[in-house]
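**Q** Sending over a structure as structure tokens; questions will come in a sec.
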Amino acid sequence: MQVDPAANAGYLIAAYVVTALILGGYALVLFRRANRR
Amino acid sequence: MTADSTGARRLIRWGQILTGVGLVGLALVFVLALRYTPVERFQGLPQKIFYVHVPAAWSALLSFSLVGISSILYLWLRDPRLDRFADSCAAVGLVFSLVMLTTGPLWARPVWNTWWTWDARLTFTLILFFLFLGYRALRGALQDPGERARFSAVLGILGMVLVPFVHLTVYLFRTLHPQPIVLKPSAPSLPWEMLRTLLLSLGVYTVLLIGFVMTRYGVNARASLEGSDAG
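These protein sequence lines are chains A and B, in that order. Taking my numbering, the leading residue of the first sequence gets 17, the next gets one more, and so forth. Taking my numbering, the leading residue of the second sequence gets 382, the next gets one more, and so forth.
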């Protein structure tokens with residue numbers, strides 16, 4: 017069964033946003049720890 | 382300034398550069414996956430979660446394997462740098478696990494019609510995640526550096542033992558989770574446009590992994606040299 021290509025786009029966007037937030041957020045935490053003197 | 386503190390600063394600087402390169406690469410992966418990679422016929426758009434989910438799983442399992450290997454070496458050589466490396470890999474592995482465990486259900490909901498199912502692959506992955514959360518908790522609870530390194534090395538090795546099981550669960554048990562389409566004995570069963578995006582993403586995640594581990598290792602090494610052992 018083929019699906020509408022645009023269906024469920026929200027899940028895809030949510031997954032990419034979550035990925036960016038987790039990896040970007042961890043980078044930010046590490047950078048802050050690294051630059052704390 | 383001692384040679385050791387210069388080494389830690391250099392690690393931090395290069396770790397930050399690699400992390401920055403990795404984050405730019407991640408943005409490129411998003412563009413490539415969303416704009417220039419075809420939509421899979423049966424699953425539609427949610428299939429593109431594949432390009433962030435699979436590399437996260439790869440990076441998490443690689444990190445946990447490195448924890449186990451460096452833990453074995455620590456118990457043999459008793460070099461505190463190996464313990465610090467294991468600690469850094471465990472923390473970074475947990476970050477990638479979090480990506481894997483959040484993007485997985487977001488893919489499962491539209492495709493399997495459920496957020497979560499207690500099948501072997503998912504359950505083993507969750508156990509692995511909690512095991513390394515326990516590893517971090519153990520390190521935080523022990524004050525003596527030698528004792529902390531020794532006890533956590535044993536737990537790190539036990540965690541590594543789970544890694545092949547996670548990979549093999551799809552062969553050993555009946556499961557909803559798809560079988561590997563790249564890391565398998567025969568050639569990858571993906572069209573080139575999809576394989577290209579996946580390979581770029583795997584490369585970017587690996588650069589991020591190295592950048593994260595280097596930065597974290599450098600920060601911990603610096604803290605250790607300054608006498609405030611970060612554990």
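Idealized CB from N, CA, C, for every residue including glycine. No experiment lies behind these values; they were computed from the predicted model shown.
Counting along the chain, where does the alpha helix (DSSP H) carrying His558 of chain B start and finish?
**A** Unbroken run through His558 of chain B: none, as it is neither H nor E.
**Q** Return no unless some Cβ of chain A is closer than 7 Å to the Cβ of Val405 of chain B.
**A** Judged by the 7 Å Cβ criterion, Val405 of chain B is not in contact with chain A.
**Q** Would you give the residue range spanned by the alpha helix (DSSP H) that Trp573 of chain B belongs to?
**A** Looking at the DSSP string, the run of the alpha helix (DSSP H) that includes Trp573 of chain B is Trp573 to Leu606.
**Q** Which residues does DSSP pair with Gly425 of chain B in a beta bridge?
**A** According to DSSP, which records beta bridges pairwise, Gly425 of chain B is partnered with B:Glu421.
**Q** Taking Cβ positions, are Ser469 of chain B and Phe510 of chain B nearer each other than 7 Å?
**A** Contact: no.
**Q** Flag Val34 of chain A as yes if its beta-carbon sits less than 7 Å from any beta-carbon of chain B, otherwise no.
**A** By this cut-off, Val34 of chain A is an interface position.
**Q** Does any CB atom of chain A fall closer than 7 Å to the CB of His572 of chain B?
**A** Residue identity differs from the one stated: residue 572 of chain B is Pro in this sequence, not His. Closer than 7 Å: no.
**Q** Grab me the residues of Leu413 of chain B's own chain with a C-beta within less than 7 Å of its C-beta, minus the 5 sequence neighbours each way, in chain order.
**A** Closer than 7 Å at Cβ, skipping near neighbours: Thr578 and Leu581.
**Q** Is the shortest distance between the beta-carbon of Leu61 of chain A and the beta-carbons of chain B less than 7 Å?
**A** Only positions 17 to 53 of chain A appear in the structure, and residue 61 of chain A is not among them; the question remains open.
**Q** For Gly474 of chain B, collect the residues of the same chain with a Cβ closer than 7 Å to its Cβ; drop the 5 residues on either side in sequence, then sort them by chain order.
**A** So the list reads Ala441, Ser444, Phe445, Val448 and Phe513, once near-sequence residues are dropped.
**Q** Between Gln397 of chain B and Val492 of chain B, how many whole angstroms is the CB-CB distance? I'm expecting something under 8 Å.
**A** Not a contact, Cβ separation roughly 37 Å.
**Q** Within the segment 469-550 of chain B, note down every full alpha helix (DSSP H) run reaching 4 residues or more, in order along the chain.
**A** Runs of the alpha helix (DSSP H) inside the segment 469-550 of chain B: 501-522.
**Q** Suppose the cutoff is 6 Å on Cβ atoms and the five residues either side in sequence are ignored; what does the same chain contact list for Asp464 of chain B look like?
**A** Cβ neighbours of Asp464 of chain B beyond the five flanking positions: Tyr455 and Ala530.
**Q** Using the rule of at least 16 other Cβ atoms within 10 Å of the residue's Cβ for burial, across every protein chain shown, is Ala522 of chain B buried or exposed?
**A** The residue is exposed, with fewer than 16 neighbouring Cβ atoms inside 10 Å.
**Q** Closer than 8 Å, Cβ to Cβ, to anything on chain A: give me those residues from the segment 488-512 of chain B, in chain order.
**A** The segment 488-512 of chain B vs chain A, Cβ under 8 Å: Trp488, Arg490 and Pro491.
**Q** Can you round the beta-carbon distance between Val34 of chain A and Thr483 of chain B to whole angstroms, since I take them to be within the 8 Å contact cut?
**A** That pair is a contact at about 5 Å.
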